[in-house]
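**Student:** According to the working numbering, the residues represented by the sequence shown are 21 to 539, in order.
The C-beta atom is built at its ideal place from N, Cα and C for all residues, glycine as well.
Just so it is clear, the structure is predicted and the values come from calculations on it, not from any experiment.
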Amino acid sequence: MRGGPSREDGVKIYLIAPKNPESFWTFDRVLPSLGKRCVFPNLALPTVAGLTPPSHEVVLCDENVEPVDFDTDADVVGITGFVVHKRRMFELAEAFRRRGKLVVAGGPFATLCPEELRGKVDVLVVGEAEYTWPQFVRDYEAGAWQTEYRQEEKPSMLDSPRPRFELLKAARYRSMAIQFARGCPYECEFCDIIVMYGRRPRTKSVAQVLAEVEAIHALGVGNIFVVDDNFIGNKKEAKALLRALATWQAARGYPVEFMTEVSLNVAQDDELLRLMTQAHFTTIFVGIESPRAASLAETNKTQNTREDIVTSVHRIQAAGIEVMAGMIVGFDHDDPSIFEEQFRFIQEARIPISMTGMLNAVPKTPLHERLRAAGRLIAESVGDQFVFTNIVPSGMSRLELYEGYRALLRRLYGYGAYRRRAMALILNRGTGLSSRVLARGDDLAVVLRIVWTCILRASPRRAFLTLSMCLETARRRPRAIRHAFTLALMHKHFYEYVQETSRALDGLIRELRKAEPAL
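1) By the 10 Å Cβ neighbour count, where 16 or more other Cβ atoms means buried, how is Glu553 classified, buried or exposed?
2) Could you give the residue range of the alpha helix (DSSP H) that holds Thr267?
3) Can the beta-carbon of Pro134 be found closer than 7 Å to that of Val146?
4) Please return the same chain residues whose Cβ sits closer than 6 Å to the Cβ of Glu83, not counting the five positions on each side in sequence.
5) If you draw a straight line from the alpha carbon of Gln362 to that of Ser310, how long is it in whole angstroms?
6) Just verifying my parser: in three-state terms, what is the DSSP assignment at Thr303?
7) Do you know how far the Cα of Leu187 is from the Cα of Thr451?
8) Between which two residues does the beta strand (DSSP E) holding Tyr217 run?
9) Report the rounded CA-to-CA distance for Arg220 versus Gly203, giving the unit in angstroms.
10) Counting C-beta neighbours from all protein chains within 10 Å, is the total for Trp472 16 or more, i.e. buried, or is it exposed?
11) Rounded to a whole number of angstroms, what is the C-alpha to C-alpha distance between Ser283 and Val31?
12) Give every residue of the same chain whose Cβ lies closer than 8 Å to the Cβ of Tyr193, excluding the five residues on either side of it in the sequence, and list them in chain order.
13) Taking only three categories from DSSP, how would you classify Cys474?
14) Which residues bound the alpha helix (DSSP H) around Cys81?
15) In chain order, what residues of the same chain lie with their CB nearer than 8 Å to the CB of Phe533, ignoring the 5 residues before and after it?
16) Cα separation between Gly340 and Thr302?
17) Over the uninterrupted beta strand (DSSP E) stretch that includes Ala314, give me the two end residues.
18) For the segment 104-167, which segments carrying the beta strand (DSSP E) assignment without a break, of at least 3 residues, lie completely within its bounds, in sequence order?
19) Trp45: which of Arg530, Tyr217, Met510, Ile329 sits nearest, CA to CA?
20) Can you find at least 3 beta carbon pairs, one from the segment 432-447 and one from the segment 492-499, that sit closer than 8 Å?
21) When the Cβ atoms of the segment 318-331 are set against those of the segment 230-237, are three or more pairs found closer than 8 Å?
22) Within the continuous beta strand (DSSP E) that includes Lys32, where are the two ends?
23) Check whether the segment 420-429 touches the segment 475-495, counting contact only when three or more Cβ pairs, one atom from each stretch, lie closer than 8 Å.
24) Let's see if you can read the secondary structure: which residues bound the alpha helix (DSSP H) around Asn40?
25) Since Tyr169 sits in a beta bridge, which residues does DSSP pair it with?
26) Pro52 to Gly415, Cα distance in whole Å?
27) Name the DSSP beta bridge partners of Phe245, please?
28) Give every residue of the same chain whose Cβ lies closer than 7 Å to the Cβ of Asn254, excluding the five residues on either side of it in the sequence, and list them in chain order.
29) Can you tell me which residues form a DSSP beta bridge with Gly98?
30) Would Arg370 be called buried (16 or more neighbouring beta carbons within 10 Å of its own) or exposed?
31) Return helix, strand or coil for Leu387, following the three-state DSSP convention.
32) Can you check whether the CB of Leu132 is closer than 7 Å to the CB of Pro383?
33) Determine the DSSP secondary structure at Val349, reduced to helix, strand or coil.
34) Ala231: which of Ile198, His353, Tyr217, Arg390 sits nearest, CA to CA?
35) Please identify the residue among Ile348, Leu432, Tyr34, Asp354 whose C-alpha is closest to the C-alpha of Cys585.
36) Any heavy atom of the ligand GDP closer than 6 Å to the CB of Val146?
Here it is, written out as structure tokens:
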């Protein structure tokens, strides 16, 4: 294609991350109580900005914290997103192309499903962008660019730039995001991570990550989400980084709380747990998936079968680290008894926050290919595992799956069950760094907002839940009072979201009962 810059002072580029559809993780109902609009930004925006020569102007727009400027005078509009953003990506691309803008699309959706974007955008960037985006910019400057840029080889993370965090509206996020590694050594059948990033974890240098942490700290942000899909995929490099982060934290009074995603085998490495605690990692997300060994074996989740899962989770909690879990129902080895098994496991493991979803076959994954060959796909994935499955189950009917799933969600986020596992975590979690870390300056303001939301303006039942949790914590574990307030607030989001999801499931179940009457 031919064209090119029309201004003498460089190209203006407008990069957009579409609004996230409401989900288990968006926390839309409670973020205002924290004075925030979004949990964390899409890291693609500041990273692509960092890949752009400084002679060009880059403006970032995260639709989760600000409206899209459809009247921008930018020369190029870039849109990123996951499968779950596909509809909004289509809408944005169409709107800007109507306005005569050159539209470029990239990110996970463009990488996994490029065929769905061809013809809807002017330029398609498939794969990781460290080399392809700078090439596109050079081509655009020269007035002749390709319609598709494809990165076949995996880029070195040493070539990844420092993201331009300063272009984000940092105060509107609960956390900022950084990335240490891409790729995962495991081969879970349902996962698209190895499809996009490969099985050999590639890491940034310790110096790169420390520079990013320092830049975020300079913005006054005290929470950082390390968005690696498996932070410990390369344990040697992860430990080196953790040692450096622990030194950085100690020299500054532990100003940052970290969260990340890891595989469950973190529990079998005492040194790794100790280093994570010393670096002030307070929460990890773990893909546990199922307490049923046959289901784990089916999906090739071998790293979860090395010891009793509850024992592993409790060991992590004893190190002072909260575990958030990803759980799945609908594996081939799941029958109707799996719902009770899942509930009992989550309660016993004292995991307050468990994202429990139905199995979903994402394009390009081994699961998708297997089920497509077997004729068991009923639709293509829309990327929302929490409310939708595109699979014909094997061990139960679709009706049994939907009914059992709905009942499980209601039980998990009922007031009593949630309170029991939340308090069990609060009272049994290790101290971590709590004895050395002072209360953060914004704690009082956050607590007052939670009191307003969950006590003064809440239903009697919610007010009782919040008061009872906080009073019991103040009496038995006073250092954990902030954790108690936070978990009480989180329940408001989960409870209301599950109620809404249940109503959506009600309609699906009615349709299934008509088509699939009980025997």
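**Tutor:** In short, the structure shows the following:
1) Residue 553 lies beyond the stretch modelled for the chain, which goes from 21 to 539, so this question has no answer here.
2) Annotation: the continuous alpha helix (DSSP H) that includes Thr267 extends over 255-272.
3) The answer is yes: Cβ separation under 7 Å.
4) A distance below 6 Å between beta-carbons, with the five flanking residues on each side excluded, links Glu83 to the following residues of its chain, in chain order: Pro38, Lys39.
5) Taking the straight line from one Cα to the other gives about 7 Å.
6) In this structure, DSSP gives Thr303 an extended state, which the three-state scheme calls strand.
7) The alpha-carbon atoms of Thr451 and Leu187 are separated by roughly 36 Å.
8) For Tyr217, no beta strand (DSSP E) run applies; the uninterrupted alpha helix (DSSP H) run containing it begins and ends at 213-217, by DSSP.
9) A direct Cα-Cα distance of roughly 6 Å separates Arg220 from Gly203.
10) Exposed is the call here.
11) Distance between the alpha carbons of Ser283 and Val31 is about 42 Å.
12) Correct list, in chain order: Lys56, Arg57, Cys58, Val59, Phe60, Pro61, Val85, Val241.
13) Here Cys474 sits in helix by DSSP.
14) First-last for Cys81: 77-82, but that is the beta strand (DSSP E), not the alpha helix (DSSP H).
15) In the sequence as displayed, the identity of residue 533 is Arg instead of Phe. Excluding residues up to 5 positions away in sequence, Leu419 lie with their Cβ nearer than 8 Å to the Cβ of Arg533 in the same chain.
16) Cα to Cα, the separation comes out at about 7 Å.
17) Where Ala314 is concerned, there is no enclosing beta strand (DSSP E), although the alpha helix (DSSP H) it sits in stretches over 313-318.
18) Taking 3 residues as the minimum length, the beta strand (DSSP E) runs contained wholly in the segment 104-167 are 122-126, 143-146, in order along the chain.
19) The shortest C-alpha separation from Trp45 is found at Met510.
20) Yes: at least three Cβ pairs fall under 8 Å.
21) Fewer than three beta-carbon pairs drawn from the segment 318-331 and the segment 230-237 are found closer than 8 Å, and the two stretches are therefore not classed as touching.
22) 32-37 is the span of the beta strand (DSSP E), which, as asked, contains Lys32.
23) Output reads no: the segment 475-495 does not touch the segment 420-429.
24) Careful: Asn40 lies outside any alpha helix (DSSP H) and carries neither H nor E.
25) As a beta-bridge residue in DSSP terms, Tyr169 pairs with Val145.
26) Pro52 and Gly415 have their C-alpha atoms roughly 42 Å apart.
27) Note: Phe245 sits in a beta bridge opposite Ala197, Met279.
28) Excluding positions up to five away in sequence, the list reads Ala201, Pro221, Thr223.
29) Answer is Leu35, Val124.
30) The residue is buried, with at least 16 neighbouring Cβ atoms inside 10 Å.
31) Reduced to three states, the DSSP call for Leu387 is helix.
32) In contact: Pro383 and Leu132 (Cβ atoms closer than 7 Å).
33) Val349: strand per DSSP, three-state reduction.
34) That would be Ile198, whose Cα lies nearest to the Cα of Ala231.
35) Outside the shown range of the chain, which is 21 to 539, sits residue 585, and nothing can be said about it.
36) Inclusion of the ligand GDP in the displayed structure is not the case, the ligand content being empty and no account of it being possible.
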